[in-house]
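S.K.: Quick one: the structure is below, questions incoming.
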Amino acid sequence: MQLAGTLASIGFVFGPVCCLKSRSLHAAIMEMDQLPAQTKRPLSQEERRDFLWWWNNVRKRNDKSLSQVVEARRLATDASGTGAGAVLWCTDGATIRTAINFEANERAESSTFREIAAVRFAVKAFANEIRAARVVVQIDNQGAVSIIKKGSPLAKLQAMAEDIFEHMESLGAVLEPIWVPRDQNVLADEASRLLDKDDWGIREEIFAFCTERWGLPSLDAFANSKNAKCPRFLARYADIGAEGVDAFASSWTGEFVWAVPPPRIIADVVSHMAHHRAQGILGIPYWPSNLFFPSVWDGQSWRWFVQDVIWLDAGSELFVPSTFENSVFNEDQAPFPFCFLLVNFAL
1 MQLAGTLASI GFVFGPVCCL KSRSLHAAIM EMDQLPAQTK RPLSQEERRD
51 FLWWWNNVRK RNDKSLSQVV EARRLATDAS GTGAGAVLWC TDGATIRTAI
101 NFEANERAES STFREIAAVR FAVKAFANEI RAARVVVQID NQGAVSIIKK
151 GSPLAKLQAM AEDIFEHMES LGAVLEPIWV PRDQNVLADE ASRLLDKDDW
201 GIREEIFAFC TERWGLPSLD AFANSKNAKC PRFLARYADI GAEGVDAFAS
251 SWTGEFVWAV PPPRIIADVV SHMAHHRAQG ILGIPYWPSN LFFPSVWDGQ
301 SWRWFVQDVI WLDAGSELFV PSTFENSVFN EDQAPFPFCF LLVNFAL
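Counting along the sequence shown from 1, when you hit position 76 you're at 76 in our numbering, and nothing is skipped either side.
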């Protein structure tokens, strides 16, 4: 109890982390109050972790400049029932937005959980942009603001708050969450409703089958942080670990690309590969009547740049389902044949 009081008293120097990193101690005090006097019990894993954190940090944090000159960045986040969105203001006044779909289990969580998840996603997706900055994040949920600052007695919310804090620490950045009314968070709200209907993927065993035959790709051109098949990947929006956004804005010259795009842009993918004389593995549904099909089929055979083909019959267990429930790629067994083409425009 004395330690918890001491930590609370140094809040001016250490800031809200005093509350965030002493949650386990306060929980222990409340628990011990219900037990007979002089009762002893071993430390919990959470208490040991918090004690270790204070042991490692109390000396090196024992100062706080009254005037901190660091770059300030403005961030706004929001969560809808289907996804998380965020908007980052750049130093030139321009904005960057990002969004990601929630999984079914995340959609079932409380609105506060989803709002905190949106902040966690945003600070990780914009990691390069907010490094070593003071980041003021606008949130229209007061509970989320409080939990990010001070933690929560609920384990999963506390874990997310600590994850956000530790991520910002790793960037040398500081997060300052503030509450704003919903009508002042319109851009983030709009971003949170950018439902990606094409976030389906290919099962790992199918990817392994292709790469065992043709080699490992150097770049996944159409992916997100949840379904990327390569360490290097391009995403639709800013994403955790993404090398960039907009596959068509990137050079594929010298790359061996893994490309399983939405069917509506397959012809554009072929054109982009041709322009950059790229090589890669192109995954397509076998839809001979679709507008994209002439880009890979000349009417009698595969076009000259198709070096090899892996054919999977209808009924194959092929897809990692989209979080968009009405996607045709959500069936356990593919309702149509699917092909992987070894493409080489470098010949």
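Ideal Cβ placement from N, Cα and C applies to all residues, glycine included.
A quick note: this is a predicted structure, and the numbers were derived from the prediction, not measured.
Run the CB neighbour count on Ile178, radius 10 Å, all protein chains shown included, and call it buried at 16 or more, exposed below.
M.R.: The residue labelled residue 178 in the question sits at position 178 within the sequence shown. So Ile178 counts as exposed.
S.K.: Give a yes or no on contact between the stretch 206-217 and the stretch 321-330, applying the rule of three or more CB pairs nearer than 8 Å.
M.R.: When Cβ pairs closer than 8 Å are counted between the two stretches, the stretch 206-217 is seen not to touch the stretch 321-330, the count staying below three.
S.K.: Secondary structure at Gly143, three-state DSSP: helix, strand or coil?
M.R.: The residue labelled residue 143 in the question sits at position 143 within the sequence shown. It is helical.
S.K.: Report yes if the C-beta distance between Leu282 and Gln307 is below 7 Å; otherwise report no.
M.R.: Counting from one through the sequence shown, the residue named residue 282 turns up at place 282. Counting from one through the sequence shown, the residue named residue 307 turns up at place 307. Not closer than 7 Å, so no.
S.K.: Measuring CA to CA, which of Leu52, Trp311, Glu109 and Ser271 is closest to Leu157?
M.R.: Along the sequence shown, one-based indexing puts residue 157 at 157. Cα-wise, what sits closest to Leu157 is Glu109.
S.K.: Compute the Euclidean distance between the alpha carbons of Ser251 and Phe345, then round it to the nearest angstrom.
M.R.: Position 251 of the sequence shown, counting from 1, holds the residue named residue 251. Position 345 of the sequence shown, counting from 1, holds the residue named residue 345. Taking the straight line joining both Cα atoms gives about 14 Å.
S.K.: Using only the alpha-carbon positions, how far apart do Phe102 and Ala86 sit?
M.R.: Locating residue 102 in the sequence shown gives position 102, counting from the first residue. Locating residue 86 in the sequence shown gives position 86, counting from the first residue. Each residue's alpha carbon lies about 14 Å from the other.
S.K.: Since Arg73 and Ala127 should fall inside the 8 Å C-beta cutoff, what is the C-beta to C-beta distance between them, to a whole number of angstroms?
M.R.: Within the sequence shown, the letter at position 73 stands for residue 73. Within the sequence shown, the letter at position 127 stands for residue 127. Not really, about 12 Å apart at Cβ, beyond 8 Å.
S.K.: When the Cα atoms are used, what is the spatial distance from Ala228 to Ala247?
M.R.: The sequence position of residue 228 within the sequence shown is 228, counting from 1. The sequence position of residue 247 within the sequence shown is 247, counting from 1. So the two alpha carbons sit approximately 14 Å from each other.
S.K.: Please work out which residues of its chain come closer than 6 Å, Cβ to Cβ, to Met160, disregarding the five sequence neighbours upstream and downstream, and give them in chain order.
M.R.: Taking the first residue of the sequence shown as 1, we reach residue 160 at position 160. Cβ neighbours of Met160 beyond the five flanking positions: Ile116 and Arg120.
S.K.: Report the option in Pro261, Asp332 and Leu20 whose CA atom is closest to the CA atom of Glu46.
M.R.: Here residue 46 is taken as the residue at index 46 of the sequence shown, counted from 1. It is Leu20 whose Cα lies nearest to the Cα of Glu46.
S.K.: Around the C-beta of Asp313, are 16 or more other C-beta atoms found within 10 angstroms, so that it is buried, or is it exposed?
M.R.: Here residue 313 is taken as the residue at index 313 of the sequence shown, counted from 1. Result: exposed.
S.K.: Per DSSP, what are the beta-bridge partners of Gly85 in this structure?
M.R.: For the purposes of this step, residue 85 is taken as residue 85 along the sequence shown, with counting starting at 1. For Gly85, which the question treats as bridged, DSSP gives the partners Asp78 and Ala99.
S.K.: Taking a contact to mean a Cβ-Cβ separation below 7 Å, would you say Ala242 touches Phe256 in this structure?
M.R.: Here the question's residue 242 lines up with position 242 in the sequence shown. Here the question's residue 256 lines up with position 256 in the sequence shown. No, the pair does not count as a contact, with Cβ atoms beyond the cut-off.
S.K.: For Ala334, name the three-state secondary structure that DSSP assigns.
M.R.: As a position in the sequence shown, residue 334 is number 334, starting the count at 1. Coil.
S.K.: Given that a residue counts as buried once 16 or more other Cβ atoms are within 10 Å of its Cβ, and exposed if not, what is Asp298?
M.R.: As a first step, residue 298 must be located in the sequence shown, where it is residue number 298. By the 10 Å Cβ count, Asp298 comes out exposed.
S.K.: Rounded to whole angstroms, what's the CA-CA distance from Val269 to Leu291? Just pull it up for me.
M.R.: Position 269 of the sequence shown holds residue 269. Position 291 of the sequence shown holds residue 291. Between Val269 and Leu291, the C-alpha separation is close to 13 Å.
S.K.: What is the C-beta distance between Arg114 and Ala84, in whole angstroms, given that I count them as a contact (C-beta under 8 Å)?
M.R.: Working through the sequence shown from its first residue, we reach residue 114 at position 114. Working through the sequence shown from its first residue, we reach residue 84 at position 84. With a Cβ gap of about 7 Å, Arg114 and Ala84 count as contacting.
S.K.: Just to confirm, is the Cβ distance from Ser80 to Arg193 under 7 Å?
M.R.: As a position in the sequence shown, residue 80 is number 80, starting the count at 1. As a position in the sequence shown, residue 193 is number 193, starting the count at 1. A contact, by the Cβ cut-off of 7 Å.
S.K.: Do Asp332 and Asp189 come within 7 Å of each other at the CB atom, strictly closer than that value?
M.R.: Within the sequence shown, residue 189 is the residue found at index 189, counting from 1. Within the sequence shown, residue 332 is the residue found at index 332, counting from 1. Taking 7 Å as the Cβ cut-off, Asp189 and Asp332 do not qualify as a contacting pair.
S.K.: If you count every other CB in all the chains shown that lies within 10 Å of the CB of Gln279, and 16 or more means buried, which is it?
M.R.: Here residue 279 refers to the residue found at position 279 when the sequence shown is read from its first residue. Answer is buried; the Cβ neighbour count reaches 16.
S.K.: Locate the alpha helix (DSSP H) running through Phe207, then write down its first and last residues.
M.R.: To locate residue 207, count along the sequence shown from 1; it is residue 207. Glu204 to Trp214 is the extent of the alpha helix (DSSP H) around Phe207.
S.K.: Determine contact between the stretch 147-157 and the stretch 197-206, defined as no fewer than three beta-carbon pairs at a distance below 8 Å.
M.R.: no
S.K.: Expressed to the nearest angstrom, what Euclidean distance is found between the alpha-carbon atoms of Arg97 and Trp200?
M.R.: The residue labelled residue 97 in the question sits at position 97 within the sequence shown. The residue labelled residue 200 in the question sits at position 200 within the sequence shown. Taking the straight line joining both Cα atoms gives about 21 Å.
S.K.: Using only alpha-carbon positions, find the residue among Trp302, Phe305, Phe338 and Trp304 that is nearest to Phe319.
M.R.: In the sequence shown, the residue the question calls residue 319 occupies position 319. From the listed residues Trp302, Phe305, Phe338 and Trp304, the smallest Cα separation to Phe319 is found for Phe338.
S.K.: Around the C-beta of Arg236, are 16 or more other C-beta atoms found within 10 angstroms, so that it is buried, or is it exposed?
M.R.: The sequence position of residue 236 within the sequence shown is 236, counting from 1. Answer is buried; the Cβ neighbour count reaches 16.
S.K.: Which of the three DSSP states, helix, strand or coil, is assigned to Asn344?
M.R.: Position 344 of the sequence shown, counting from 1, holds the residue named residue 344. Strand at Asn344.
S.K.: Hey, quick one: how far does the beta strand (DSSP E) through Asp308 stretch, first residue to last?
M.R.: On the sequence shown, residue 308 is found 308 positions in, with the first residue counted as 1. First-last of the beta strand (DSSP E) with Asp308: Val306 to Leu312.
S.K.: Nearest to Phe340 by alpha carbon, out of Ser170, Phe305, Phe293 and Val260?
M.R.: What you label residue 340 is simply residue 340 of the sequence shown in a count that begins at 1. Ranking Ser170, Phe305, Phe293 and Val260 by Cα distance to Phe340 puts Val260 first.
S.K.: Determine whether the beta carbon atoms of Ala173 and Ile240 lie at a separation below 7 Å.
M.R.: Within the sequence shown, the letter at position 173 stands for residue 173. Within the sequence shown, the letter at position 240 stands for residue 240. The answer is no: Cβ separation not under 7 Å.
S.K.: Can you tell me which of the three DSSP states Asp298 falls into?
M.R.: What you label residue 298 is simply residue 298 of the sequence shown in a count that begins at 1. It is coil, neither helix nor strand.
S.K.: Using CA coordinates, which residue listed in Asp183, Ala122, Pro285 and Ser218 is at the minimum distance from Trp89?
M.R.: Along the sequence shown, one-based indexing puts residue 89 at 89. If we check each option's Cα against that of Trp89, Ala122 comes out closest.
S.K.: Let me know if Glu71 comes out buried or exposed under the rule of 16 or more other beta-carbons within 10 Å of its beta-carbon.
M.R.: Position 71 of the sequence shown holds residue 71. Its Cβ having fewer than 16 others within 10 Å, Glu71 is exposed.
S.K.: Please determine, among Ala76, Trp258 and Phe293, the residue with the shortest C-alpha to C-alpha distance to Ser218.
M.R.: As a position in the sequence shown, residue 218 is number 218, starting the count at 1. If we check each option's Cα against that of Ser218, Trp258 comes out closest.
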